[in-house]
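Take the position in the sequence shown, starting the count at 1, then add 8; the result is the number in the numbering used here.
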Amino acid sequence: MMSLMKSKKLEEIVSKFFLSKQIEVQIEHYESGEELLKHSCCIDVIFMDIQMKGIDGIETAQRIRSQNRRVALFFVTNYPEEIMHSFAVHPFAFIEKQIHAEKISSNLKDFLDYTNETIARNVITLKTEYGISTLHTRDIMFLEYVGNRHMKMHMIDNEMIVYGSLTELAINLKPYDFIVTHKSFLINEAQIRSVHLCTILMNNQEFVPIAQKKKKEIIEQISYYLHHQLKGDD
């Protein structure tokens, strides 16, 4: 399902794009962030104005991310300074309010390409306490070394023990945008909520430490990742 800000032109462009791809979509409109939040758990794509009645688009997106971490957020705005406030919610793209069909279609094509590639690549097989488990990397928050080649894997809904060293797992998970932030922690950059002086806050509200000796290098890598997410790159 897809949610659009109220715009006849935008709806026509989106409908035409998916029709050309022979993809059936259900489009809904919501007048406010409060109304959207009642339905956000079932939505795959959201086109949202940053400036709205009631709670604004940034706050709405933050609340949505706590309910639905996989939704693709497209922000519509004419104010570049607002973009900097939205990094924590990982928007897929930004669109000017002067809507252009070519730009929207290009962004939607990028979304489909990204989604298809993500489904294919974001699955990994690991040796866990339950045997050989196939997991979606997007569901992993971070891994914490607990000793004796055991890593505690913190996921969206649960935790489990994974067998192997941090070094081995860092190599296996590097293609999926995982980064070592400390000698005992390997985190999923896609699940970062905010970066602080000595710690990183993850989307599950847990903090992980930053190794102070490598702080500059770690922050630079995270900034690079967020920059390319902002552009909609893989």
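A virtual CB, placed ideally from N, CA and C, is assigned to each residue, including glycine.
| query | What whole-angstrom Cβ distance do residue 78 and residue 97 have, given they're in contact under 8 Å? | reply | With 8 Å as the limit, residue 78 and residue 97 do not qualify as a contact, their Cβ atoms being about 13 Å apart.
| Using DSSP with H/G/I as helix, E/B as strand and the rest coil, what is residue 104? | Shown here, residue 104 sits in coil according to DSSP, grouped into three states, outside any helix or strand.
| query | Measuring CA to CA, which of 200, 181, 157 is closest to residue 171? | reply | Checking every option, the nearest Cα to that of residue 171 belongs to 157.
| said: Just to confirm before moving on: does the CB-CB distance between residue 107 and residue 15 stay below 8 Å? | reply: Going by beta carbons, residue 107 and residue 15 fall inside the 8 Å limit.
| field | Anticipated Cβ contact below 8 Å, residue 212 with residue 164, distance rounded | value | About 7 Å; that satisfies the 8 Å criterion.
| message | I'd like to check one pair, residue 180 with residue 149: are the Cβ atoms closer than 8 Å? | response | Cβ atoms of residue 149 and residue 180: not closer than 8 Å.
| Can you list the alpha helix (DSSP H) stretches of 4 or more residues lying completely in the stretch 118-194, in chain order? | Fully contained in the stretch 118-194 are the following alpha helix (DSSP H) runs of length 4 or more, in chain order: 174-181.
| message | What does the alpha-carbon distance come out to for the pair residue 105 and residue 176? | response | Taking the CA atoms as reference points, residue 105 sits about 46 Å from residue 176.
| task | With a threshold of 16 other CB atoms inside 10 Å of the CB of residue 110, please say whether the residue is buried or exposed. | result | Answer is exposed; the Cβ neighbour count stays below 16.
| Test item: CB-CB of residue 100 and residue 120 under 8 Å | Judged by their CB atoms, residue 100 and residue 120 are not nearer to each other than the 8 Å cut-off.
| query | Quick one: is residue 40 buried, meaning 16 or more other Cβ sit within 10 Å of its Cβ, or exposed? | reply | With fewer than 16 other CB atoms across the displayed protein chains lying within 10 angstroms of its CB, residue 40 is exposed.
| request: Would you mind working out which of 84, 43, 36 sits nearest residue 59, comparing C-alpha positions? | output: A check of alpha carbon separations from residue 59 across 84, 43, 36 identifies 84 as the nearest.
| task | List the residues that DSSP assigns as beta-bridge partners of residue 207. | result | Paired residues: 217.
| Among all the DSSP beta bridges, which residues are the ones paired with residue 109? | Note: residue 109 sits in no beta bridge, so no partner.
| task | Taking only the alpha-carbon atoms, compute the straight-line gap between residue 151 and residue 37 and give it to the nearest angstrom. | result | If you take the alpha carbons of residue 151 and residue 37, they lie about 39 Å apart.
| Bounding residues of the beta strand (DSSP E) (the contiguous stretch that carries residue 21) | Residue 21 -> not in any beta strand (DSSP E); alpha helix (DSSP H) instead, spanning 16-28.
| query | Hey, quick one: how far does the beta strand (DSSP E) through residue 43 stretch, first residue to last? | reply | Segment 41-45 is the alpha helix (DSSP H) holding residue 43; no beta strand (DSSP E) there.
| So, helix, strand or coil for residue 228, using DSSP? | Here residue 228 carries a helix assignment [DSSP, helix/strand/coil].
| Which class does residue 97 belong to by DSSP, given the choice of helix, strand or coil? | Residue 97 falls in the helix class under three-state DSSP.
| C-alpha distance - residue 206 paired with residue 86, whole-angstrom precision | One alpha carbon belongs to residue 206, the other to residue 86, and they sit about 34 Å apart.
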